[in-house]
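Protein chains in written order, with the working numbering: chain A, 20 to 268; chain B, 7 to 239; chain C, 591 to 803.
C-beta atoms are modelled at their ideal positions from N, C-alpha and C, and glycine is treated no differently.
All values reported here derive from a predicted model rather than from experimental measurement.
Beneath this line is the structure, given in structure tokens, with notes to follow.
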Amino acid sequence: MKNLDTKTSINWLKYASPKTFYPLAGKLIPWCVIGAVGLIVYGLYIGLFVAPTDFQQGEGYRIIFVHVPAAWFSMFLYLLMAMYAGLGLVLNARLSYMMATAIAPTGAMFTLVALVTGSLWGKPMWGAWWVWDARLTSELILLFLYIGYFSLQAAIDDKNRADKASAVLALVGAINVPIIYFSVKWWNTLHQGASVSLMKAPAMATVMLKGMLVMAIGFWLYSIAVILIRVRCEILERDSKAAMFNLGL
Amino acid sequence: MPKTKLTQELGTFSVLYRILARDIKVALRRQSDVTAVFFFFIIAASLFPLGSGADPKLLSAMAPSVLWVTALLSCMLSLSRMYSSDYADGTLEQIMLSNQPTVLIVLMKILAHWVLSGLPLVFVAPLIGLQFNLSSAELQILAVSLLMGTLALSLIGSIGAALTLGIRGTGVLIAILVLPLYIPVLVFGAGAVNAASIGMSPNGALSLLGAVLAMALVFAPLASAAALKIALE
Amino acid sequence: MGFLASNHVLIADNLVGVRGERLLFEKLNFELSNGTVLYLQGANGTGKTTLLRTICGLSKPYAGVVNWCGEDINSLAEEYFKHVLYIGHLPGIKEDLTALENLKFSLALSGKAISANQATEVLNMLGLAKGLNLPTRMLSQGQKRRVALARLWLQELPLWVLDEPFTALDVNATSLLKQKIEAFANEGGIIVMTTHQEVTLNVPKFEQLRLDA
């Protein structure tokens, strides 16, 4: 295979080249999986058994041990995706685009988890599966942003263009996320939305915070593992195509 | 062959003005495109009372959201045309190769789109608002919020139009990309009218709308220019 | 023509062209100075258009650099566009506008205002006298092509990038264009072009590049 990559790949970051990245990622994945399983099990244990019952909301509130970290990660992963997308545009590095592409499904999954757990919690609390609470509404819009990203990528056949165009969209979305979040909060106060919000419900006891943090780190390791697996698949796929057309990756 | 220099140099402003003027001239020769958006707005807004019943109180409560959402959809309908015809006949690549910064050229294309599809709505929306039983104070705020808001919609929409250039099934795709990004404009625009209708000051919402517009003015031409370059590669 | 008096150099440095996942050309090097015509050859799909678009700055090369008078065109951006005239395989004219309007607009894009008389003169010379005030959608394919090419007679830019300029032209227009290209090169202009027609050009420096070799 001819190596054409001397100018476009970034040599100053050793692991930025897919060839070095591939085996390294392979070594990291098992550790992340083990850590993720351990921490999520431990976090669930804290959430379900150690944390005290809430006197106002009973046992139902325990869903926040999943809901809150999922909501954190839905936003965090969007920003991370946008960061890799921006890096890809600036450095013209394919690995960055692959990372952005690989992060998107996990981010969307956490968004969906946050939405589902939010409405599960909402049924006993508000008496309805869906209330236009500021937080849930923002999550819903975030899901729309992820859907836009997937749709654009799916619609463009040329991989190179799909990478770049969806990177621009991710960046635009990332600039919009705080504005959308603020506008939804503002809208919520103007229209007097749900009075009980998922976040401010119980006073945050130390044990609850601990549970959520453990879950969050577990989710983080899970995300890393899944993202690395996806990037490895993507490298293999592009590599075989590139080999077919006699192109260096 | 001209041996002497007969031509005259044009400054940045004149070149940009010609780009804007050309878009408007072309649109006016194809009036159906412009009037279709206009009539869509009127027809779609008139459907709501038919769906909800003609209770004046209900109508005036619904009016800000109905008129704003309809205006938003009307602006969106014409987005796919913003760059596609220039892309198809090759004038887009000629414009991109002009001696002016791409960002400014894109801004002219956006302004042309706004003049042709956003601005007419600013004038017709208060008339439709009358049918929805809005007071004159509310109608004024509606017009002001649409004046700022439709420009923001054209700016943000331009990104979607540029990203989807040359892709099949563009219309629906643009909607999916652009609608979530339109939400702050809708919230503050309709919010201003809502505030006016419950007797609150609309100034807060209007200045937030102005802030969104200012952000869009800075970022949207940059993002659109980047997207157009990607599309033309 | 004063704008051709100074020295211009266009250098392709290790250009690599890729379309989708397919390699079109690699390690392409050439240097063009005043009065050179570079004639690109190759079957369909060998990357002629991609190379032309790379040279005029519409596409970024997959790897390598295009240099104009010592500077990377990528960093020159619209400064570079002040020197390039590109006529692609798309006509680049608006069908709703007249030939006159189209010509004036394309000159305005490079910062030139011309009088209606000057524009009319060139369009008449190209045999478009009858269609001056018709929307160009009423014109034939060859006539549209001539409207697009009319810029060559008015726009004073030192580098021409022409993608199949002879397509759809009749004998008359072909010979006018050939004369124009020769005159331009003889006065010091640089041309990069493709064509499927057999054209012999009488120019100072004539170079050929086969992309499918």
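List the residues of chain C that residue i touches, going by C-beta distances under 9 Å, in chain order.
i	result
ASP177 of chain A	ARG609, GLY610 and GLU611
Are the beta-carbon atoms of residue i and residue j separated by less than 8 Å?
i	j	result
ALA153 of chain A	VAL233 of chain A	no
PHE671 of chain C	SER90 of chain B	no
ARG702 of chain C	LEU16 of chain B	With the sequence shown as reference, residue 702 of chain C is identified as Lys, and Arg is not the correct amino acid for it. Their beta carbons are under 8 Å apart, which means LYS702 of chain C touches LEU16 of chain B by this criterion.
PRO208 of chain B	ILE147 of chain B	yes
TYR168 of chain A	ALA112 of chain A	no
ILE199 of chain A	ILE160 of chain A	yes
GLU158 of chain A	ALA184 of chain A	no
ALA196 of chain B	SER84 of chain B	no
ALA709 of chain C	ARG736 of chain C	no
TRP91 of chain A	ALA235 of chain A	yes
HIS86 of chain A	THR136 of chain A	yes
ALA244 of chain A	LEU98 of chain A	no
VAL712 of chain C	PHE756 of chain C	no
GLY625 of chain C	ALA775 of chain C	yes
GLU253 of chain A	ALA121 of chain A	yes
ALA77 of chain B	PHE47 of chain B	yes
LEU747 of chain C	SER700 of chain C	yes
Can you name the residues of chain C whose CB is closer than 8 Å to the CB of residue i?
i	result
LEU39 of chain B	Here residue 39 of chain B turns out to be Asp, not Leu, going by the sequence shown. Within 8 Å Cβ-Cβ: nothing; ASP39 of chain B doesn't reach chain C, min ~11 Å.
LEU16 of chain B	ALA698, GLY701, LYS702 and ALA703
GLN137 of chain B	What GLN137 of chain B touches in chain C: nothing, since even the nearest Cβ is about 35 Å away.
Buried or exposed: where does residue i fall if 16 or more other Cβ atoms within 10 Å of its Cβ makes it buried?
i	result
CYS81 of chain B	buried
THR208 of chain A	exposed
SER151 of chain B	buried
GLN733 of chain C	buried
ASN707 of chain C	exposed
ALA728 of chain C	At residue 728 of chain C the sequence reads Met, which differs from the Ala that was named. Under this definition MET728 of chain C is an exposed residue.
TRP148 of chain A	exposed
SER214 of chain A	Bear in mind that the predicted position of SER214 of chain A carries a pLDDT of just 45, short of 50, making it unreliable; the figure below should be weighed with that in mind. Burial call: exposed.
THR72 of chain A	exposed
Please list, in chain order, the chain D residues whose beta carbon lies closer than 7 Å to that of residue i.
i	result
ILE101 of chain B	Considering every chain present, this structure includes no chain D. Its protein chains are A, B and C.
Taking 8 Å as the CB-CB limit, is residue i close to chain A?
i	result
GLU144 of chain B	no
VAL21 of chain B	no
GLY155 of chain B	no
ILE147 of chain B	no
LEU187 of chain B	yes
ASN200 of chain B	yes
LEU53 of chain B	no
Identify the contact partners of residue i in chain C, using a Cβ-Cβ distance below 7 Å as the criterion.
i	result
LEU238 of chain B	LEU648
PRO107 of chain B	GLU668
Taking C-beta pairs closer than 7 Å, name the residues in chain A that residue i reaches, listed in chain order.
i	result
ALA233 of chain B	ALA184 and VAL187
Less than 8 Å between CB atoms is the rule here; does residue i satisfy it with respect to chain C?
i	result
VAL32 of chain B	yes
PRO227 of chain B	no
ASP61 of chain B	no
ARG87 of chain B	no
GLY205 of chain B	no
Would residue i pass as an interface residue toward chain B - the criterion being a Cβ-Cβ separation below 8 Å?
i	result
LYS684 of chain C	yes
ILE194 of chain A	yes
TYR652 of chain C	no
LEU680 of chain C	yes
PHE756 of chain C	no
SER93 of chain A	no
PHE620 of chain C	no
TRP145 of chain A	no
TRP50 of chain A	no
PHE796 of chain C	no
PHE615 of chain C	no
Cβ closer than 8 Å: which chain A residues qualify as neighbours of residue i?
i	result
GLY195 of chain B	Those within 8 Å of GLY195 of chain B in chain A number zero; the least Cβ separation is about 10 Å.
ILE173 of chain B	ALA174 and ILE175
LEU179 of chain B	SER170, LEU171 and ALA174
At a CB-CB cut-off below 8 Å, which residues of chain B make contact with residue i?
i	result
LYS638 of chain C	The premise fails here: LYS638 of chain C is roughly 16 Å from chain B at the closest Cβ pair, so nothing lies under 8 Å.
VAL674 of chain C	LEU103
SER115 of chain A	Those within 8 Å of SER115 of chain A in chain B number zero; the least Cβ separation is about 15 Å.
Quick one: list the residues of chain B neighbouring residue i, beta-carbon separation under 9 Å, in chain order.
i	result
LEU687 of chain C	ARG28, LYS31, VAL32 and ARG35
Query raised in the report: Residue ranges of each beta strand (DSSP E) run of no fewer than 3 residues wholly in the stretch 615-673 of chain C, ordered along the chain?
Result: 626-631 and 653-658
**Report entry** Any beta strand (DSSP E) of 3 or more consecutive residues that is wholly inside the stretch 746-789 of chain C
**Finding:** Counting whole runs of 3 or more residues, the stretch 746-789 of chain C contains the beta strand (DSSP E) stretches 749-753 and 780-784.
Query raised in the report: Which full runs of the alpha helix (DSSP H) of 4+ residues lie inside the stretch 50-117 of chain B, going along the chain?
Result: Listed in chain order, the alpha helix (DSSP H) runs fully inside the stretch 50-117 of chain B are 62-83, 87-95 and 97-102, counting runs of at least 4 residues.
Query raised in the report: Quick one: complete alpha helix (DSSP H) runs, 4+ long, within the stretch 154-219 of chain A?
Result: Runs of the alpha helix (DSSP H) lying entirely within the stretch 154-219 of chain A, each at least 4 residues long, are 178-209 in chain order.
Query raised in the report: Which residue spans inside the stretch 665-734 of chain C form an unbroken alpha helix (DSSP H) run of at least 4?
Result: 668-671, 689-699 and 706-715
Query - In chain order, each alpha helix (DSSP H) run of at least 4 residues that lies wholly inside the stretch 48-84 of chain A - result: none
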